[in-house]
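Here's the structure we're looking at; comments come further down.
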Amino acid sequence: MFKTIRQTAAALAIAGVISVPAIAGDLVIIFDDLNPAPKQGFEDAVEKFKAANPDINVIVSINDREAHKTAIRNFLSADAPDVTTWYPGNRMAPFVNAGQFEDITDLWEAEGFYDSLASTKSAMTIDGKQWGVPYSYYQWGIYYRSDIFAEQGIDVPQNWEQLLAASAKLKEAGITPFTIGTKYLWTAAGVFDYLNLRTNGYDVHNDLTAGKIKYSDPRIVDVFEKWKQLVEPGYFIENHATMSWQDALAPFIKGEAAMYVMGNFSVEAMRDGGLTDDQIDYMQFPEITPGVARAEEAPTDAFFIPANAKNKEDARKFLAFVAQPDIQTEWNKTINQLPINKNASVGDDKFLQKGFETVSTASGLAQFFDRDAPAEMAKVGMEGFQEFMIKPERLDAILKRLDKIQERVYK
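Now the structure itself:
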């Protein structure tokens, strides 16, 4: 009974309803996903941590992901938990720069994370220091109807010219090359990011989302010119601005569209729609500029210790625990994603196997446009991407608007 009351009180304190001092030995954790599988994966890991550390009283609060994005700005300054989830890359920079996240370089050194978590080191690093511990990521790329490719005699494209040729052949056969639903904008950002990563590389992606180069920079203009080669011939599904990403699955499932630039979370929905693994497959986004190192979109979830945390010692224990290969193996099997620890096991699912090969051999891992850019810039940037896909002739006006907003946002 006492433990239940204490957990309830702590949750109310985190929500800002009441203020209750943490008791010695308490470890307060805020997690950010109420969806069944992520919630289950987190709760299972917490139970294992409690079994391994019976002297630590773990108090958890689980928020809706969108609500968490707002709440974190308040609780980091007011009544900080000991551990919270957040995102690596540029998205963590404001909290790092404001001194609201704890430097855990010592933990990375002590636990050997430079080796075991090497694939995400760059995303977790600012000013040569590490600020969080990642527990999961997943690949993006092009999911395609392998049965349609076979029927049309199309090989998997390896470069931009081959992708354009495949698109032209599909269009001629009455099949839309790409489905997409841009109603909620971020799907267009996935296309933009890959075009930028393949045209200019990882550093330009990071410089753009960090506000170091303008949208009117010739390198970014070149990205949009490449995009035009897909937009103007009608290689994207019509009326995509009225569709969510789930709505856009329908033409893919029906065989009316052959490719989808999307994250691996979409696979279950494809299967639920009646497609078999013999009908769908995954490919890395093809090369555009020869010699540009292959970086990938791999949104990563991580844990951080707030600078104002009351129990940093046990918080470090928890971060070290969730990085263990066996914990990451089971957690990611539950959520059907990829473990980050190189010694963890990947599920047998063919898309996980291909995804692991993709991200583990990438030169860099981007955290997706709306994670890497500040929230206001991400919103107007993605609005611009959607507008461009509908009215590519407005490109100059779009770029001028994004430059103007960028100047204000990053000032």
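Just remember that the working numbering sits 108 ahead of the position in the sequence shown, which is counted from 1.
Glycine included, C-beta positions come from ideal geometry on N, C-alpha and C.
Next item on the list: Note down, in chain order, each residue of its chain lying with its Cβ closer than 7 Å to the Cβ of Val467, except the 5 sequence neighbours on either side.
Entry: As a first step, residue 467 is located in the sequence shown; it is residue number 359 there, counting from the start. Result list for Val467: Ser227, Tyr245, Gln247, Glu404, Ala406, Leu446, Leu473, in chain order.
Notebook entry, point to check: So is the beta-carbon of Asp480 under 7 Å away from any non-hydrogen atom of the ligand HEM?
Noted result: Annotation note on the ligand HEM: not contained in the displayed structure, which lists no ligands.
Next item on the list: Could you check what DSSP says for Ile288 in three-state terms: helix, strand or coil?
Entry: As a working mapping, residue 288 is identified with position 180 in the sequence shown. In this structure, Ile288 counts as coil in the three-state DSSP scheme.
Margin query: The beta strand (DSSP E) that contains Arg502, what's its start and end?
Written below: The sequence position of residue 502 within the sequence shown is 394, counting from 1. Taken as a continuous stretch (DSSP letters only), Arg502 belongs to no beta strand (DSSP E), as it is neither H nor E.
Check: Among the residues of its own chain, which have a CB less than 6 Å from the CB of Arg173, if the five just before and after it don't count?
Finding: Residue numbering aside, residue 173 sits at position 65 when the sequence shown is read from its first letter. Excluding positions up to five away in sequence, the list reads Asp140, Asp141.
Item checked: Proximity test, Cβ basis, 8 Å: Thr295 and chain C -> No chain C appears in this structure, which consists of one protein chain only.
Next item on the list: Name the two residues that bound the continuous beta strand (DSSP E) containing Leu135.
Entry: As a working mapping, residue 135 is identified with position 27 in the sequence shown. Counting along the chain, the beta strand (DSSP E) containing Leu135 begins and ends at 134 to 139.
Notebook entry, point to check: Who are the near neighbours of Ile506 in its chain, counting only those whose CB is closer than 7 Å to its CB and skipping five residues on each side?
Noted result: Numbered from its first residue, the sequence shown carries residue 506 at position 398. Cβ within range, chain order: Gly492, Glu495, Phe496.
Check: What is the C-beta distance between Ala428 and Glu155, in whole angstroms, given that I count them as a contact (C-beta under 8 Å)?
Finding: As a first step, residue 428 is located in the sequence shown; it is residue number 320 there, counting from the start. As a first step, residue 155 is located in the sequence shown; it is residue number 47 there, counting from the start. The C-beta distance from Ala428 to Glu155 rounds to 17 Å, too long to fall under 8 Å, and the pair is not in contact.
Notebook entry, point to check: Is Asp187 near Ile137, with beta carbons less than 8 Å apart?
Noted result: Start at 1 with the first residue of the sequence shown, and residue 187 comes out as number 79. Start at 1 with the first residue of the sequence shown, and residue 137 comes out as number 29. The answer is no: Cβ separation not under 8 Å.
Next item on the list: Just grab the DSSP bridge partners of Gly249 for me.
Entry: Counting from one through the sequence shown, the residue named residue 249 turns up at place 141. Met370, per the DSSP bridge assignment.
Next item on the list: Look at the alpha carbon of Leu338 and the alpha carbon of Asp223, and state the distance between them as a whole number of angstroms.
Entry: Indexing the sequence shown from 1 puts residue 338 at position 230. Indexing the sequence shown from 1 puts residue 223 at position 115. Cα to Cα, Leu338 sits roughly 40 Å from Asp223.
Check: Thinking C-beta only, is Ile288 closer than 8 Å to Ile256?
Finding: Here residue 256 refers to the residue found at position 148 when the sequence shown is read from its first residue. Here residue 288 refers to the residue found at position 180 when the sequence shown is read from its first residue. Using a Cβ distance threshold of 8 Å, Ile256 and Ile288 do not count as a contacting pair.
Notebook entry, point to check: When you compare each of Asn419, Asn372, Ala417, Phe332 to Ile498 by their alpha carbons, which one comes out closest?
Noted result: Your numbering for residue 498 matches position 390 in the sequence shown. Nearest option by C-alpha distance: Phe332.
Next item on the list: Can you tell me which of Asn171, Asp163, Glu340 puts its alpha carbon nearest to the alpha carbon of Glu501?
Entry: By one-based count along the sequence shown, residue 501 stands at place 393. The shortest C-alpha separation from Glu501 is found at Glu340.
Next item on the list: Output the boundary residues of the alpha helix (DSSP H) element that contains Trp213.
Entry: Your numbering for residue 213 matches position 105 in the sequence shown. Checking the sequence shown, residue 213 turns out to be Thr, not Trp. Following the DSSP letters along the chain, one finds Thr213 inside the alpha helix (DSSP H) bounded by residues 213 to 219.
Item checked: Residue ranges of each beta strand (DSSP E) within the segment 162 to 248, 3 or longer -> Those beta strand (DSSP E) runs which fall completely within the segment 162 to 248 and span 3+ residues are 165 to 170, 191 to 194, 241 to 245.
Margin query: Please return the same chain residues whose Cβ sits closer than 6 Å to the Cβ of Ser453, not counting the five positions on each side in sequence.
Written below: Looking up residue 453 in the sequence shown gives position 345. Here the set comprises Thr437.
Next item on the list: Using 10 angstroms around the beta-carbon of Ala130, count the other beta-carbons present and answer buried if the total reaches 16, otherwise exposed.
Entry: Here residue 130 refers to the residue found at position 22 when the sequence shown is read from its first residue. Note on Ala130: pLDDT 46, under 50, position unreliable in the model; no value is reported.
Margin query: Using C-beta distances below 8 Å, list every residue in its chain close to Lys512, excluding the 5 sequence neighbours before and after it, in chain order.
Written below: Within the sequence shown, residue 512 is the residue found at index 404, counting from 1. Same-chain partners within the cutoff: there are none.
Note to self: Within 10 Å of its beta-carbon, does Ala159 have 16 or more other beta-carbons around it, so buried, or fewer, so exposed?
What the structure shows: The count along the sequence shown starts at 1 and reaches residue 159 at position 51. Under this definition Ala159 is an exposed residue.
Margin query: Taking only three categories from DSSP, how would you classify Phe476?
Written below: Looking up residue 476 in the sequence shown gives position 368. Correct three-state label for Phe476: coil.
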